[in-house]
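Student:
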Amino acid sequence: MTVTDQESTMDNTTVDTGLAEGKGQLHLLPRRDAVLRMSEVAAAAAIDGELLPEENDQTMIVNMGPVHPSTHGVLRLMLELDGETVRRSKPIIGYLHTGMEKTGESLTYLQGPTNVTRMDYASPLFNELVFSMAVEELLGLELPPRAVWIRTLMCELNRISSHLLSMATGGMDIGAVSMMIYGWREREQVLRFFQKVTGLRMNHNYIRPGGVAADLPDDWEADLTALMDMLPPRLEEYDVLMTGQPIWRDRLQGVGVISQQEAIALSATGPVLRSTGVSWDLRRDMPYLVYDELEFDVLVGSYGDAFDRYAIRLNEIRESIRIVRQIIEKMPLGDYRIQDAKVTPPPRARIDESMEALIHHFKLFTEGFKVPEGEVYVAVESPRGELGCYLVSDGGPKPYRMHIRGPSFVNLQVMPHMMADGFLADAVAVIASVDPVLGEVDR
Amino acid sequence: MSDTVDEAAADEQAPDDEAPDLVYGAPRTEVRGQQVIHPRRDEWRRTALELLNDGWNMCMDVTAVDYGTYGPGRDLPTGVDPERFEVVVSLLSYERRERLRVRIQVPEDDPTVDSLYAVYPGTDFLEREVFDLFGITFSGHPDLSRILMPETWEGHPLRKDYSTGAIPVQFKAPSQ
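Residue numbers (my numbering), protein chains in the order written: chain A, 442 to 884; chain B, 108 to 283.
1) What would DSSP say about Met501(A), mapped onto helix, strand or coil?
2) Output needed for Leu730(A): all residues of its chain with C-beta closer than 7 Å, excluding positions within five of it in sequence on either side, in chain order.
3) I need the boundaries of the beta strand (DSSP E) containing Thr290(B), first residue and last residue.
4) Flag Gln636(A) as yes if its beta-carbon sits less than 9 Å from any beta-carbon of chain B, otherwise no.
5) By the three-class DSSP mapping on this structure, what secondary structure does Met621(A) have?
6) Measuring straight from C-alpha to C-alpha, what distance separates Pro586(A) and Pro281(B)?
7) So, with DSSP's three-state summary, where would you put Ala133(B)?
8) Could you check what DSSP says for Val855(A) in three-state terms: helix, strand or coil?
9) Give me, in chain order, the residues of the same chain whose beta-carbon lies closer than 6 Å to that of Arg842(A); leave out the 5 immediate sequence neighbours on both sides.
10) Where in the stretch 803-865 of chain A do unbroken runs of the alpha helix (DSSP H), each at least 4 residues long, occur, reported from the N-terminal end onward?
11) How many whole angstroms separate the CB atoms of Ser823(A) and Gly697(A), which I take to be in contact at a CB cut-off of 8 Å?
12) At 4 residues or longer, what runs of the alpha helix (DSSP H) sit wholly inside the stretch 206-247 of chain B?
13) Starting from Arg531(A), trace the beta strand (DSSP E) both ways and give me its first and last residue.
14) For Leu129(B) and Ser270(B), what's the separation of their Cα atoms in angstroms?
15) Anything in chain A within Cβ reach of Leu159(B), meaning under 8 Å, just list it in chain order.
16) Going along the chain, which residues of the stretch 824-837 of chain A sit with their C-beta nearer than 7 Å to a C-beta in chain B?
17) Beta carbons nearer than 9 Å to chain A: which residues of the stretch 255-266 of chain B have them?
18) So, is the C-beta of Tyr269(B) closer than 9 Å to a C-beta in chain A?
19) Apart from the five residues just before and just after Arg210(B), which ones in its own chain have a Cβ nearer than 7 Å to its Cβ?
20) Could you tell me whether the Cβ of His538(A) comes closer than 9 Å to any Cβ of chain B?
21) Considering only their Cβ atoms, is the gap separating Ile872(A) from Leu516(A) smaller than 9 Å?
22) Rounded to a whole number of angstroms, what is the C-alpha to C-alpha distance between Gly640(A) and Ala133(B)?
23) Between the alpha carbons of Met727(A) and Tyr751(A), how many angstroms are there, rounded?
24) DSSP on Arg649(A), reduced to helix/strand/coil?
25) Indicate whether at least one CB of chain B lies closer than 9 Å to the CB of Leu570(A).
26) For chain B, find out if any of its Cβ atoms is closer than 9 Å to the Cβ of Ser607(A); answer yes or no.
27) Following the continuous alpha helix (DSSP H) through Arg884(A), name the residue where it begins and the one where it ends.
28) Residues of chain A with a CB under 9 Å from the CB of Pro218(B): which are they?
29) Pro848(A) to Gly815(A), Cα distance in whole Å?
30) Pro554(A) to Thr785(A), Cα distance in whole Å?
31) What is the residue span of the alpha helix (DSSP H) that Val589(A) lies within?
32) DSSP three-state label for Ala655(A), please.
33) Could you compute how far the alpha carbon of Asp123(B) sits from the alpha carbon of Phe241(B)?
34) Could you please give me the residues that DSSP links to Arg517(A) through a beta bridge?
35) Could you tell me whether the Cβ atoms of Leu233(B) and His538(A) are closer together than 9 Å?
36) Output yes if chain A places a C-beta closer than 9 Å to the C-beta of Asp250(B); else output no.
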C-alpha cells in the first residue's frame, strides 16, 4: 500500500459534517481526534512496519485483544502508541456477534427472553425485563403487583451480582488480584439464590411477558435476609482492600477523566455518566416497575475519573441492598403472573381436567400469542446504563423487528476519549472502569 | 392533537381529512403515550439541530427497520409516504425527563440519510451498526465502516431479504 492510499483512509476525520463549528455537540469533544479512524488494512500495513503517513517512526500501532485477559471478553483495541503513551485508539468489536437481533425475529414472544437473556450475560434479568416490558406495552397488559415486585427484587439482586463481578474483574485488572476471588465469592452467593428461584445461575429466562416464570420459594425471605446481612461486612472489607488503599487510589484517581459535556455528547449512561456529576438514573427519573415506592439514593461522582466510577458501583451495591430490604418487607401476596390464558400458560394441573386449558397450552407453545401491530421503545436502568428495547410488531406471534440498545455498546465510544494521552497501563484501568460486557456490545 | 393515533387505531392511517399536528416542522403522532415525529429525510439534519437546541440533549438510540415484508398498514400521519426503510432515533431530554422518537422514511433506491455525528457525536457507533446491518448510508459520518460484521462481509444481515443462513443439509436419496 502506498502512502497516498493510506492518506485517503486516514484523512476521514476531516469529513465535512455539514454544520458550522459550535452548532452541534461535536465541539464539546475536545479530544475527538483521539478516535483512530483507520481501516484494518491500513492498520495491518502500519503494524508490518510501514510508517503512518503523517507521523514519523515515533508512534506505532499495537493491537490489544481480542484475547487479552483484561479486555473483559473479546474487546480489541487498536492503540496508537508513542512510547508508553496512548495517542489515539479505536475499539474493534464484533467477535461475539451472533446476530441475536435477527434471531429474535424468528422466535416467538414467549421464546424471546431465552434469546435476549444471553446478551448482557452479567445482568441477564435486565435483558429479559426490558424485552418483556416492551411486549407487555404492545399488549397493553397490567401485571399483578406481586409479579412486578418480584421483578424489582430480582433485578436489584442482579445489579448486586453484576457490580460484584465488576469489582472482581476490575480489581484483578488493576492488580488487586485477591479481589478477583472475593468478588466472585460474594457473587456466587447471589447466583445461588437465583438458582433456587429460577433454576439457573445465569441466562434464567425467568422474567417473561406476562409476569415471571415461577413464584419465589417458601423460605426466600430467610435466604435473602441472610444474604443481605452477609454482604455489608464484606463490602467493608472491599473498602479496606481497595477504596482506602493508596496504590488503588493512585491507579484510579485522575485516570480516564471525562467531562460532563463529553459524556452527554457521547450518549454515555449509567455509572460512566453519573461519575461526571450528572444525576441521571432511570429508576428515579423515569420510574418503571415499583421504584417510585422505594427509597434509594442516586450516586454521582464529581471528577469523572475511574475512581468515581468504581466508587459509584461499590455504593450502588449498598443502595441495592437497601432496596432489597424494603422489598422483603413490602412484598405483596397474589399472582406471580397474569392469569390470561392467551399470554401465560395455564397451571399444569388444569391441563389434566380442562380441554380448553390444554388447547391454550398447546397454542401458546407451538404458535405463540399474537401481539397487536405497532412499535414501542422501552428503557430500563441496567447496571451499565440505559438498556432499551425497540420492538416492532406486525400483529403476528413473532417480533417483526427487535432491537436492543445496549449500554455497553454505546459506552464503548467513550473509551478513546478517556485513554487519549494516558499511559498504556491506564488503558486497562479505563476498560475496567467502563465495565463493558461484550455479549451485549456485539449481540 | 387531532391526529393522535390511539392504541386501538394504531394499525390505521390517521384520518386524511384532518391536518397533521406539526412539531419542529414535522408531523407528530402519539403512540402508547410515546411522542413520535416524522421529519422529512432531506431536512433531517436541520430538524435534529433544532431538536438539540430545544433541549433534546441526548441521542440514546439509532436503529432502522426494514418494512419490506410488513403486512399491515403502518401508523404514519398524513403526508408521510411509507418507504421500505425507516431510521428510528430515540432522543432524551434529561431536564424535562421526556423521550421523543424520530422516524425517517428512507427509500430503497437511495438508502441515504444525513449523519447525526456532528449534532450528536454519540451516534457514531449506532450509525455504523445501522450501516453494517441495513446498508443505509449516513452522509457526513467520519468513519462509515462495518462494525459488527467483518470488513469484507457481503450483504446486510438485518434486511428482510437476507435469509437466516441455515446450513444446507444434503439428504441422500433412498437406496434402491
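Beta carbons: idealized from backbone N, C-alpha and C, even for Gly.
Computed from a predicted structure; not experimentally measured.
Tutor: In short, the structure shows the following:
1) Under the three-state reduction of DSSP, Met501(A) is assigned to strand.
2) If we look at Leu730(A) and ignore the five residues flanking it on each side, its Cβ neighbours are Val589, Arg592 and Thr593.
3) Because chain B is modelled from 108 through 283, residue 290(B) falls outside the range shown and cannot be assessed.
4) Closer than 9 Å: no.
5) Correct three-state label for Met621(A): helix.
6) Between the C-alpha atoms of Pro586(A) and Pro281(B) there is a straight-line separation of about 59 Å.
7) Secondary structure at Ala133(B): strand, using DSSP grouped into helix, strand and coil.
8) Here Val855(A) sits in helix by DSSP.
9) Only residues of its own chain outside the window of five on either side were considered, and among them Val833 have a CB closer than 6 Å to the CB of Arg842(A), listed in chain order.
10) If we require 4 residues or more, the alpha helix (DSSP H) runs fully inside the stretch 803-865 of chain A come out as 848-852 and 856-860.
11) Contact check for Ser823(A) and Gly697(A): beta-carbon distance about 21 Å, past the 8 Å limit, so the pair fails to qualify.
12) With a minimum length of 4 residues, the continuous alpha helix (DSSP H) runs that stay inside the stretch 206-247 of chain B are 231-241.
13) Here the sequence assigns Lys to residue 531(A), which means Arg is not the residue at that position. Unbroken beta strand (DSSP E) run through Lys531(A): Thr526 to Ile533.
14) Taking the straight line joining both Cα atoms gives about 39 Å.
15) Near Leu159(B) (Cβ distances below 8 Å), the residues of chain A are Gly465 and Gln466.
16) Here the close residues are Glu827, Gly829, Tyr831, Val833, Asp835 and Gly836.
17) So the list reads Leu255, Met256, Pro257, Glu258, Pro264 and Leu265, given in the order they occur along the chain.
18) Against chain A, the CB of Tyr269(B) has a partner CB under 9 Å away; the residue lies at that interface.
19) Shown here for Arg210(B): same chain residues with a beta carbon closer than 7 Å to its own, the five before and five after excluded, namely Val143, His145, Glu193 and Val195 in chain order.
20) Answer yes: the Cβ-Cβ gap between His538(A) and chain B drops below 9 Å somewhere.
21) Contact flag set, yes.
22) Approximately 50 Å between the Cα atoms of the pair.
23) So the alpha carbons of these two residues sit roughly 24 Å apart.
24) Three-state result, Arg649(A): strand.
25) No, Leu570(A) lies away from the interface with chain B (no Cβ there is under 9 Å from its Cβ).
26) With 9 Å as the cut-off, Ser607(A) does not count as an interface residue toward chain B.
27) Counting along the chain, Arg884(A) falls outside any alpha helix (DSSP H), and DSSP gives it neither H nor E.
28) Per Cβ cutoff of 9 Å: no residues; Pro218(B) is ~16 Å from chain A at best.
29) Each residue's Cα considered, the two are about 24 Å apart.
30) Taken atom to atom, the span from the alpha-carbon of Pro554(A) to that of Thr785(A) is near 14 Å.
31) Counting along the chain, Val589(A) sits inside the alpha helix (DSSP H) bounded by residues Pro586 to Ile615.
32) Coil.
33) The pLDDT assigned to Asp123(B) is 46, lower than 50, so where the model puts this residue is not dependable; a value taken from the coordinates is nonetheless given after this. Cα to Cα, the separation comes out at about 31 Å.
34) Beta-bridge pairing links Arg517(A) to Ile533(A).
35) Against a cut-off of 9 Å, the Cβ pair of His538(A) and Leu233(B) comes out as no contact.
36) Closer than 9 Å to some Cβ of chain A, the Cβ of Asp250(B) qualifies, so yes.
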